[in-house]
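Asker: In terms of mature numbering (1 follows the signal peptide of the UniProt record, and there is no 0), the sequence shown is residues -20 to -1, 1 to 326.
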Amino acid sequence: MKKNLKLLLLLLLTTCFILSGCGNDKKPTITVYNWGDYIDKSVLKDFEKEHDIRVIYEEYATNEDMYVKLKAGGGDYDVIFPSDYMIKRLIDEDMLHKIDLNKVPNYKNIEDRFKNLGYDPNNEYSVPYMWGTVGIMYNKTMVNEPVDSWRILWDDKYKKQILMQYSQRDAIGITLKMLGYSLNTKNTAELEEAKDMLIKQKPLVLAYVVDEVKDKMIGNEAALAVIWSGEAPNMIEQNPDLEYVIPKEGTNLWFDAMAIPKSSQHKEEAELFINYLCEAEAAFKNSDYIGYATPNSEARKMLPKEITSNKLFYPEPDDLDNSEVFVDLADSLAEYDRIWTEVQAK
């Protein structure tokens, strides 16, 4: 009986190998962790088809959400898309692999002005993906006055017509800029002043939002919203009554980049994926789909001139007076967390 059972199992296993390879032909798999609605899904399918690699794709809402999950070992991720200040934190905490740029030949397509930036000065840990600013989207049929300052978000006449970003760095940052301070301040008095202003503003706020800001503004549900610049072109296309501005006090100039967590077990496949996203066609598809500015010079040539020539969406350095890049505030993070918690609790 035992011999027959062993023979039966052997026959089954042999048949399995003949018919399906029993795992020998199993595709390599990478897990990609990205912001919500931040890639053209057809690019993922094209990559899978071209390289015979399966992509598991997951999304997050904020840098902090991504960091907490990564720190806790809550996901086996191979490629992530952190922002500038978060990249610096991940580097400082030894949470990222160095990227072998010899395996990312399409890195040549990245414009020089997006290399050697402060968060990764030697271009060792990240490859730029998208960039932009934070500004105000407003509805011209609901707002009749000039929109040129963050202060309009504290105007009582727009009570329950204001959408704020559900992001502590962005919400606190624009408040600090309005007050004339650095959005990277560690000064306790300045942070307390920003907290008081956010608490004062809260009764005017319709909602704190992330991705849902697009549908709400397109649907005329609010008069004013804090948005990332890349959301503006598509929103304006769908609702011509909308307009995007960068306030005179300055703003956050931000960069999102691709990186490989130290926990990745598929570094070569991850580098292959990053290289694919740096191809001109893939970078064009992604920028065209999501609307954000691409750092890829070849992809930029393929985009509509009315977008790439618009300095609100593709500003030159001279157009960004008083603007700042977020820096890692790890030593003051508890203070920022406290302020945001107290604002949300009111």
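Just so it is clear, CB atoms sit at the ideal spot from N, CA and C, and this is done for glycine as well.
1) Tell me the rounded alpha-carbon separation between Y118 and N82.
2) With a 10 Å radius around its C-beta and 16 neighbouring C-beta atoms as the bar for buried, classify K242 as buried or exposed.
3) Looking at C-alpha atoms only, which residue of R69, I36, D32 is the closest neighbour of V48?
4) Going straight from the alpha carbon of Y109 to that of L24, what length do you get?
5) Should M177 go down as buried or exposed, given a rule of 16 or more other Cβ atoms within 10 Å for buried?
6) Just verifying my parser: in three-state terms, what is the DSSP assignment at S63?
7) Going by C-alpha distance, which of E304, I240, V206, D45 is nearest V225?
8) Excluding five sequence neighbours on each side, which residues of the same chain lie with their C-beta closer than 8 Å to the C-beta of G16?
9) Where in the region 123 to 159 do unbroken runs of the alpha helix (DSSP H), each at least 4 residues long, occur, reported from the N-terminal end onward?
10) In terms of residues, what are the limits of the alpha helix (DSSP H) holding D308?
11) Assign G210 to one of three DSSP states: helix, strand, or coil.
12) Inspect the beta-carbon positions of A263 and L76 and report whether they are closer than 9 Å.
13) Pairing CB atoms from the region 242 to 254 with CB atoms from the region 120 to 133, are three or more of them under 8 Å?
14) Just how far apart, CA to CA, sit E261 and I270?
15) CA-CA distance, K281 and R149?
16) With a 10 Å radius around its C-beta and 16 neighbouring C-beta atoms as the bar for buried, classify A169 as buried or exposed.
17) Note down the Cα distance separating V12 from Y256, rounded to an integer number of angstroms.
18) Using CA coordinates, which residue listed in R93, N96, S63, V107 is at the minimum distance from E84?
19) Between Y57 and I79, is the Cβ-Cβ spacing less than 9 Å?
20) Output the distance between the C-alpha atoms of D32 and S22, rounded to the nearest integer angstrom.
21) Run through DSSP, which three-state label would P295 get?
22) In terms of alpha-carbon separation, which member of T113, K157, K182, K175 lies closest to L143?
23) I need the DSSP call for D72, collapsed to helix, strand or coil.
24) Count the C-beta pairs between the region 57 to 66 and the region 226 to 235 that are closer than 8 Å, then say yes if the count reaches three, no if not.
25) Since I10 is in the beta strand (DSSP E), which residue starts that stretch and which ends it?
26) Between the Cα of N164 and the Cα atoms of D92, N302, E125, which residue gives the shortest distance?
27) Since A203 and Y138 should fall inside the 8 Å C-beta cutoff, what is the C-beta to C-beta distance between them, to a whole number of angstroms?
Answerer: By the coordinates alone:
1) If you number the sequence shown from 1, residue 118 lands on position 138. If you number the sequence shown from 1, residue 82 lands on position 102. The straight-line gap separating the alpha-carbon atoms of Y118 and N82 is approximately 45 Å.
2) The residue labelled residue 242 in the question sits at position 262 within the sequence shown. Counting every other CB atom within 10 Å of its CB across the protein chains shown gives K242 a total below 16, marking it as exposed.
3) The residue labelled residue 48 in the question sits at position 68 within the sequence shown. Distances from the CA of V48 to each of R69, I36, D32 were compared; the closest alpha carbon is that of R69.
4) Here residue 109 refers to the residue found at position 129 of the sequence shown. Here residue 24 refers to the residue found at position 44 of the sequence shown. Approximately 15 Å between the Cα atoms of the pair.
5) To locate residue 177, count along the sequence shown from 1; it is residue 197. It is buried - the Cβ of M177 has at least 16 other Cβ atoms within 10 Å.
6) Residue mapping note: residue 63 aligns to position 83 of the sequence shown, counting from 1. Reduced to three states, the DSSP call for S63 is strand.
7) Residue 225 sits at position 245 when you count from the first residue of the sequence shown. Relative to the Cα of V225, the nearest Cα in the group E304, I240, V206, D45 belongs to V206.
8) Position 36 of the sequence shown, counting from 1, holds the residue named residue 16. Result list for G16: E39, Y40, A41, V190, D191, in chain order.
9) Restricted to the region 123 to 159, the alpha helix (DSSP H) segments that are unbroken, complete and at least 4 residues in length are 148 to 158, listed in chain order.
10) Residue mapping note: residue 308 aligns to position 328 of the sequence shown, counting from 1. Unbroken run through D308: none, as it is neither H nor E.
11) Translated into the one-based positions of the sequence shown, residue 210 becomes position 230. It is helical.
12) Position 283 of the sequence shown, counting from 1, holds the residue named residue 263. Position 96 of the sequence shown, counting from 1, holds the residue named residue 76. No. Outside cutoff.
13) Result no; under three Cβ-Cβ pairs closer than 8 Å.
14) Taking the first residue of the sequence shown as 1, we reach residue 261 at position 281. Taking the first residue of the sequence shown as 1, we reach residue 270 at position 290. When only Cα atoms are considered, E261 and I270 end up about 14 Å apart.
15) The residue you call residue 281 lines up with position 301 of the sequence shown. The residue you call residue 149 lines up with position 169 of the sequence shown. Near 33 Å, if we compare the C-alpha coordinates of R149 and K281.
16) In the sequence shown, counting from the first residue as 1, residue 169 sits at position 189. Burial state of A169 is exposed, judged by a 10 Å Cβ sphere holding fewer than 16 other Cβ atoms.
17) Taking the first residue of the sequence shown as position 1, residue 12 is located at position 32. Taking the first residue of the sequence shown as position 1, residue 256 is located at position 276. Between V12 and Y256, the C-alpha separation is close to 13 Å.
18) By one-based count along the sequence shown, residue 84 stands at place 104. The sequence shown places Val at residue 84, rather than the Glu named in the question. For V84, the nearest C-alpha among the options comes from V107.
19) As a position in the sequence shown, residue 57 is number 77, starting the count at 1. As a position in the sequence shown, residue 79 is number 99, starting the count at 1. Taking a C-beta distance under 9 Å as the contact criterion, Y57 and I79 do not qualify as a contact pair.
20) Your numbering for residue 32 matches position 52 in the sequence shown. Your numbering for residue 22 matches position 42 in the sequence shown. Counting only the Cα atoms, S22 lies some 15 Å from D32.
21) Stepping through the sequence shown from its first residue, residue 295 is reached at position 315. DSSP places P295 in the coil class of the three-state scheme, outside both helix and strand.
22) Taking the sequence shown and counting its residues from 1, the one referred to as residue 143 is at position 163. With distances taken between CA atoms, L143 lies nearest to K182 out of T113, K157, K182, K175.
23) As a first step, residue 72 must be located in the sequence shown, where it is residue number 92. DSSP, reduced to helix, strand and coil, places D72 within a helical segment of the structure shown.
24) In short, these stretches touch, since the Cβ pair count reaches three.
25) For this step, residue 10 is matched to residue 30 along the sequence shown. Where I10 is concerned, the enclosing beta strand (DSSP E) stretches over 9 to 15.
26) Along the sequence shown, one-based indexing puts residue 164 at 184. Restricting attention to D92, N302, E125, the CA atom closest to the CA of N164 is found in N302.
27) Translated into the one-based positions of the sequence shown, residue 203 becomes position 223. Translated into the one-based positions of the sequence shown, residue 138 becomes position 158. That belief holds up - the Cβ atoms of A203 and Y138 are roughly 5 Å apart, short of 8 Å.
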